[in-house]
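In what follows, a single structure is set out as structure tokens and then discussed.
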Amino acid sequence: MKKLLPVLLALVLIFSACELLPDSGAKPQAASDASIWAMDTVMDLRLYGDADGSVMAELTALLNELDRELSAVSEDSALTALNESGRTDNARIRLLAAEAQRVSGFTGGALDITLLPVSRAWGFSTGSYRVPDTAELEALRGLVGMDKLTLTDEGVSLSDGAMLDLGALAKGYAAELCRERMEQAGVAGRLSLGGNIQTVGTKPDGSDWLIGVQDPEDENRYLLTLRLSGAKALVTSGDYQRYFMQDGLRYCHILDPETLAPVRGTLRAVTVVTDSGLYADALSTALFVLGREAGEVLWRERGDFEAIWAEADGTVWVTAGLADKVAEGEFEVVGP
Ligand code: ADP
Ligand code: MG
């Protein structure tokens, strides 16, 4: 055994070295990690094959740039300029507004990016939380609605007093732009942009991405873990990350455009899995507003996404197309 030990050690070393090298041997495939604060959240980036750190530097610069452009709270963002002047020729804002219009269209208006005056009234964009009375909310109704925005050839224009908030889809869009850059550069990895997960490519050892879906009751636990391969977006919207409590009631940051009040139902969280980060993010917010039953109907109708619903009673529902990807966790299957 004593003689075997050095041989075994050498084998282990060769094996780990193989893990670090790609087929071509051109670039080491070691993992590199970065954690930044952008778009009002923590973003964790893990890349494989970014030998000189240049792709990581590009991605963090891109995320900071998107933050400066798309923030509804920053005074000098392009979005704030639109909200003040009523028009913009910013191509990214136009693209996000077009996707919001599309998703709003087939979710019965559940996604509504004009709710900013209302979320301000609730204190969500300022952090001074309060419960506005019905009269105050009704007075804002005239400013709100997807019909208040018009897509022009070059950009977006808003009717008087209307304001856009792209918080429901900006992080998913950011994840998608990062994915495109990583694919061009031949870099694999896994991004977590505050609850928005994006996987890109294949890990150097060829194994699947193992992704946990957070338990709304306990941030240190997972409801489920999923095995995913290739590029996938997994986006969660829920009532447990941004909310305030008053008189024993929970007020979460996702608003129901019909009531102009925080969504309140039996759903704690919904996760969308699909190929596009932008679509997944827009849809997860809309599905949270709609609730599980209407969401299931939409899943059957559209066939272009998979979803997981976490109900307040602890039940987890997984659409049939995702059920075989669950590595761990208990759930009910939503069938066709
Ligand atoms: P998060 O940004 O926490 O990941 P979401 O993607 O679900 O969660 O987006 C929620 C954000 O979208 C809110 O903070 C608010 O800015 C905005 N918002 C709230 N309700 C709606 C809605 N019904 N439609 C579109 N945007 C909304
Ligand atoms: Mg969203």
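Take the position in the sequence shown, starting the count at 1, then add 39; the result is the number in the working numbering.
Backbone N, C-alpha and C fix where the C-beta goes; we use that ideal spot for every residue, glycine too.
All values derive from a computational prediction rather than experimental measurement.
In the structure shown, the three-state DSSP call for residue 336 is helix.
With a contact defined as Cβ atoms closer than 8 Å, residue 93 and residue 82 miss out at about 18 Å.
Per the CB criterion, closer than 7 Å to any heavy atom of the ligand MG, the qualifying residues run in chain order as 207, 208, 211, 274, 276, 320, 321, 323, 324. Classified as exposed, residue 288 has fewer than 16 neighbouring CB atoms from the shown chains inside 10 Å of its CB. Across the set 246, 203, 69, the C-alpha of 203 shows the shortest separation from the C-alpha of residue 133. The Cβ-Cβ distance between residue 275 and residue 310 falls below 7 Å. At a Cβ-Cβ threshold of 7 Å, residue 188 and residue 176 do not count as neighbours. Residue 82 sits in a strand when the DSSP states are folded into three classes. Taken from the Cβ of residue 226, every heavy atom of the ligand ADP lies 6 Å or farther away. Counting of Cβ neighbours within 10 angstroms places residue 355 among the buried residues, the total reaching 16 or more.
Taking a contact as a CB-CB distance under 8 Å, the pair residue 86 and residue 226 counts as one, their CB atoms being some 5 Å apart. Close CB contacts of residue 170 within its chain, under the 8 Å cut and outside five residues either way in sequence, are with 161, 285, 290 (chain order). Residue 321 counts as buried, since no fewer than 16 other beta carbons sit within 10 angstroms of its beta carbon. The DSSP-derived three-state label of residue 256 is coil.
By the Cβ neighbour-count rule, residue 218 is buried, with 16 or more other Cβ atoms within 10 Å of its own. Excluding its 5 nearest sequence neighbours in each direction, residue 317 has C-beta neighbours in its own chain below 7 Å: 138, 208, 211, 212, 215, listed in chain order. If you draw a straight line from the Cα of residue 370 to the Cα of residue 184, it comes to about 36 Å.
Shown here, residue 187 sits in a helix according to DSSP, grouped into three states. In chain order, 111, 112, 155, 158, 204 place their CB closer than 8 Å to the CB of residue 164, counting only its own chain and leaving out the 5 sequence neighbours on each side. Here residue 350 carries a strand assignment [DSSP, helix/strand/coil].
Residue 326 holds the alpha-carbon nearest to the alpha-carbon of residue 305 among 319, 299, 142, 326. Short of 7 Å from the beta carbon of residue 324, and not among the five residues preceding or following it, lie these beta carbons of its own chain, in chain order: 150, 207, 276, 293. With a cutoff of 7 Å on beta-carbon distance, residue 271 and residue 238 are scored as near each other. Residue side-chain check: residue 236 keeps its Cβ at 6 Å or more from all non-hydrogen atoms of the ligand ADP.
It is roughly 16 Å from the alpha-carbon of residue 299 to the alpha-carbon of residue 278. A direct Cα-to-Cα measurement between residue 312 and residue 235 gives close to 10 Å.
Closest in C-alpha terms to residue 191, from the list 282, 126, 335, 336, comes 126.
Distance from residue 194 to residue 129 at the Cβ level is roughly 6 Å; contact confirmed, criterion being Cβ atoms closer than 8 Å.
By the neighbour-count criterion, in which 16 or more other beta carbons inside 10 Å mark a residue as buried, residue 173 falls on the exposed side. Check the Cα spacing between residue 79 and each of 262, 90, 107: the tightest is with 107.
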